[in-house]
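Going by my numbering, the residue at position 119 of the sequence shown is 664; the numbering climbs one at a time, nothing skipped.
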Amino acid sequence: KQNLMDQFGVEVSLRKAISDKQWEIYYQPKFNSSNLIYGFEALIRWIHPEKGIILPLDFIPIAEKSDQIYEIGKFMINNVCDQTKVWIEQGHNLIASINLSAKEIEQKSIVDDIKNALEASGLDSKYLEIEITESVMMKNEQKSMATLNKIKDLGVFLSIDDFGTGFSSFNYLNRMPVDTLKIDKSFISGVDKEEE
546 KQNLMDQFGV EVSLRKAISD KQWEIYYQPK FNSSNLIYGF EALIRWIHPE KGIILPLDFI
606 PIAEKSDQIY EIGKFMINNV CDQTKVWIEQ GHNLIASINL SAKEIEQKSI VDDIKNALEA
666 SGLDSKYLEI EITESVMMKN EQKSMATLNK IKDLGVFLSI DDFGTGFSSF NYLNRMPVDT
726 LKIDKSFISG VDKEEE
């Protein structure tokens, strides 16, 4: 019962967060082997008027259940494209990386949302990367694959995050239009210690 009440409270607060745009985007740099920044991962934070910073783990699952994830995702895509365009114009060669959830990939308008954000910001698609987790593929492989191919057709990069945490299958990788695999830490943390 308490859980339901808490969830309902978050849902109501999320509605206000969406209308008041109580979001901040944090940009986590990504380095290449020469220790130079080549891009960044965009991470959303909810700046709650009373509770302060709320991390995605504490609100994204509820946003997905209540379908509020679509509005949050749209805000994220639009703002990241705008900001990246500013940095590109200032002479920084950076690739922006945005995480999309399974629910967002299932959304009919997702390809148009990305396309519109690129057009509105004037950002070249080669400066955008969309990240999904491998669990997204497991949910509805055929439908997800069709959507990912359409996203790829826009000219953006595709990345799989947390690879190795689910039922990793190299079979579907052959069919997926991905550019990058981000191997999960748990998968490789003991690689130098274990004989296997």
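Even for Gly, the Cβ is constructed at its ideal location relative to N, Cα and C.
Remember, it's a predicted structure, so these values are computed and weren't measured experimentally.
Check: From V782 to I705, what does the alpha carbon distance come to, in whole angstroms?
Finding: As displayed, the chain neither begins before 546 nor continues past 741, which places residue 782 out of reach and without an answer.
Exercise. Quick check: the region 581 to 594 against the region 635 to 651, are there 3 or more CB pairs under 8 Å?
Worked result: Contact check between the region 581 to 594 and the region 635 to 651: three or more CB pairs, one atom from each, fall below 8 Å, which counts as touching.
Range of the contiguous beta strand (DSSP E) that encloses D707:
F702 to F708
- Message: Within 10 Å of its beta-carbon, does Y571 have 16 or more other beta-carbons around it, so buried, or fewer, so exposed?
- Response: exposed
Check your understanding: Exposed or buried, V736, counting other C-beta atoms within 10 Å across all chains shown (16 or more means buried)?
Key -> exposed
Which two residues bound the contiguous beta strand (DSSP E) that contains N644? I640 to N644
For this session: Return helix, strand or coil for E595, following the three-state DSSP convention.
Result: coil
query = For the alpha helix (DSSP H) that contains P606, what are its first and last residues?
reply = P601 to K610
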